[in-house]
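In mature numbering (1 follows the signal peptide of the UniProt record, and there is no 0), the protein residues as written are -21 to -1, 1 to 780. In this text, a Cβ means the ideal position worked out from N, Cα and C, and glycines have one as well. A short write-up of the structure that comes next.
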């Protein structure tokens, strides 16, 4: 009997599939059985009592612990109050009681209130007969089998106790933990790995709200093959059939299996968009998803995703094809290839390639997330990487497909990088070297009648540092020499030197001290640190006004930038410097909590010479010092933090840059994010052509156990317009869940992809989408686009399922 019971429990687990548990088993809830009830349940409807369903009004606070969001009650397991109920059946004695017990030959017959107890296994029936000659038992009249977490009922059972084979008629099954329950006219186990069910039903819903149920004329489960077959299957919502299939082949375990996945549904720009993916389990190391897609205003598309895995690499290939778009009357397509390879512990490869048929592909056909519609470049890159203890290297080719009216970046065809850094050892000289060779190409190059110069760039550095560190501080002097040279193509067409070059030496001394003191705040032990830091850097000046700008830009100035050894990204400029960075940080550490609660930093660069090396269009720096750079981090607990970064111009008495952010996650699940960014026009250290003033707020707000609201707004105060707005809602109970989101966002228009407004042109257009996600808990759901959008839009969002 125990073997048969375990087999039935496996069957129930297979039926429940991905069912969301009624109870969060990770929570420390203590007792949630009948002893935790708040009141007498005898007044509950008979149907509730039959399924041991108890609404919240009859539950104590302790028994509500760990309830799945949306559930308004739980299945309460009856007390197991017999002797030995806390033992495993295999080690426990068998106790039998009945009104009458008669033994004749090899048969023992029990009649009237038959009770069998063997450890935590209990079996009740009105009649039982055990045949010792073939180890079979026959039970009838209200057969009830219970073990921790599961309940089985039936009117007749025949079980081979040696093999675990048998059958149960007019069966009912309940899992107290998952809330999954079902019925069957007959359940049989003809073999060790096979089950057969007739006239079966299954639901994850609770007796007080039985919204949906799955029905089948017959179900065959084969655990050897990992497959199940259902015939005459229907899904009913409020007893109304909404889906029917004469034949279904489905998995009964975690093995991948060919079959339909749940569809996605959405509405974008008043156009219905439906996708129905079909999964193909082709081999253990490769598979495919083929997705027919219907777009109301454009036609039918076909999307595919292929995955391939071998011992050296992982591949994914995505394609999409829409023949003769009804609106544009052109073929639309997408190709994406990604690869990550690991040839051995030193060598690796990577590919990231995306190409689309036209610039408007994502604007017209990208439904799941409006953020991708604001993309301006698609990466097309392949690389081989090398890494060891001292050396790193990389060979890559990279180009972009520009899908907005912005300037094309240069292509790297190819780029070779090699770096050496000796292992860090205190009081030992650490040599270092960097080498980079790049061939830059451009679609608008001079030889094709364009305006962009192309060519080759060689960059290299060589130097050493001497780290000296103590508990109370550190000093680290360093020196290096830098070189950059070019071989430019068609330089005569541009009237420039075809082989410009520059060399520059650099020395630096980085130093810092550590002070700390003990504090007592509100009867808690704290430690405050004071960490002054001084960083002097001198770099030789060499005129580079005739050098091109292939991939360089000024670094955005922050507190951390004070202690970098260059003010540019890329290698087109060897910056000049004769400066000292002065900074000081202080940390407040709660020793009792073991947490750094507050960190503050402030610093400034002081220049002894003018900054003459600049990128094209940027003026020389004339000031004797930089803005004051400040940074504040507050982490009062694990669920919240506040961050602020500022740049303050003490000469003008104005803020040049501010970044504020706030994050809070409450115990009830409320999630709040807020941020504000300001950058002043004309700030020489990474400034922009126009002021930036943008704020954003995002919120996930539980209204009660069943309802949740979502919202996000991002607003551009400089142009007085919203950048993105999102509003949505979620409803769920034990049985089903639905989410709906409306999203409206700016994207570049066809003529100006930079989002910058101009005369007669706003630079942008609004795009909107309505996304819907529906889930029958225990069966699956309709679409996952809403969850994807919420994760991208609301920082820290986690769905409940």
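- Under the three-state reduction of DSSP output, residue 766 falls in the helix class.
- If you draw a straight line from the Cα of residue 87 to the Cα of residue 206, it is about 39 Å long.
- Per the coordinates, the alpha-carbon of residue 110 lies some 16 Å from the alpha-carbon of residue 135.
- Using a Cβ-Cβ distance cut-off of 8 Å, the segment 458 to 475 and the segment 488 to 498 are not in contact, since fewer than three pairs of beta carbons, one from each stretch, lie closer than that value.
- Under DSSP, residue 724 takes part in a beta bridge, and its partners are 703, 746.
- One thing to note: residue 594 has its Cβ within 8 Å of the Cβ of residue 528.
- The DSSP assignment places 470 to 473 as complete runs of the alpha helix (DSSP H) inside the segment 445 to 527, in order along the chain (cut-off: 4 residues).
- When only Cα atoms are considered, residue 264 and residue 289 end up about 7 Å apart.
- Per DSSP, the beta-bridge partners of residue 410 are 443.
- The beta-carbon distance between residue 592 and residue 544, rounded to whole angstroms, is 14 Å. This is too long to meet the 8 Å contact definition.
- Sorting 93, 341, 115 by C-alpha distance to the C-alpha of residue 123 places 93 at the top.
- Where residue 196 is concerned, the enclosing beta strand (DSSP E) starts and stops at 191 to 201.
- Here residue 341 carries a helix assignment [DSSP, helix/strand/coil].
- Straight-line measurement puts the Cα of residue 568 at about 55 Å from the Cα of residue 28.
- Within the same chain, and ignoring the five residues on either side of residue 78 in sequence, the residues whose Cβ sits closer than 7 Å to its Cβ are 90, 91, 92.
- Pairing residue 564 with residue 616, the inter-Cα distance amounts to about 21 Å.
- Look at residue 427 here: in three-state DSSP terms it is helix.
- Taking 8 Å as the cut-off, the beta carbon of residue 258 is found closer than this to the beta carbon of residue 240.
- Excluding the 5 residues flanking it on each side, residue 82 has same chain C-beta neighbours closer than 8 Å at 88, in chain order.
- Shown here, residue 379 sits in a strand according to DSSP, grouped into three states.
- Two segments are said to touch when three or more pairs of C-beta atoms, one from each, lie closer than 8 Å; by this definition the segment 407 to 415 touches the segment 425 to 441.
- Judged by beta-carbon spacing, residue 313 lies within the 8 Å limit of residue 335, meaning their Cβ atoms are closer than that value.
- Non-local C-beta neighbours of residue 424 in its own chain, meaning closer than 6 Å and more than five positions away in sequence, comprise 431, 433, ordered along the chain.
- When DSSP reads this structure, residue 386 sits in no beta bridge, so it has no partner.
- Residue burial is scored here from C-beta neighbours: residue 474 has fewer than 16 other C-beta atoms within 10 angstroms and is therefore classed as exposed.
- By the Cβ-count criterion, residue 421 is buried, with 16 or more other Cβ atoms from all chains shown falling within 10 Å of its own Cβ.
- For residue 581, DSSP records a beta bridge to 563, 609.
- By the criterion of at least three beta-carbon pairs nearer than 8 Å, the segment 193 to 206 is in contact with the segment 176 to 184.
- If you draw a straight line from the Cα of residue 332 to the Cα of residue 218, it comes to about 49 Å.
- In the three-state scheme derived from DSSP, where H, G and I count as helix and E and B as strand, residue 628 is classed as strand.
- Annotated three-state conformation of residue 149 is strand, per DSSP.
- Listed in chain order, the non-local C-beta contacts of residue 603 below 6 Å within the same chain comprise 586, local neighbours out to five positions each way being set aside.
- Residue 369 and residue 397 have their C-alpha atoms spaced approximately 11 Å apart.
- Apart from the 5 residues on each side of it in sequence, residue 447 sits with its Cβ closer than 8 Å to the Cβ of 405, 406, 453, 454, 455 in its chain, given in chain order.
- Residues 555, 591, 592 of the same chain have their beta carbon placed closer than 7 Å to that of residue 520, with the five preceding and five following residues left out of the count.
- CA-to-CA, the gap between residue 251 and residue 214 works out to about 24 Å.
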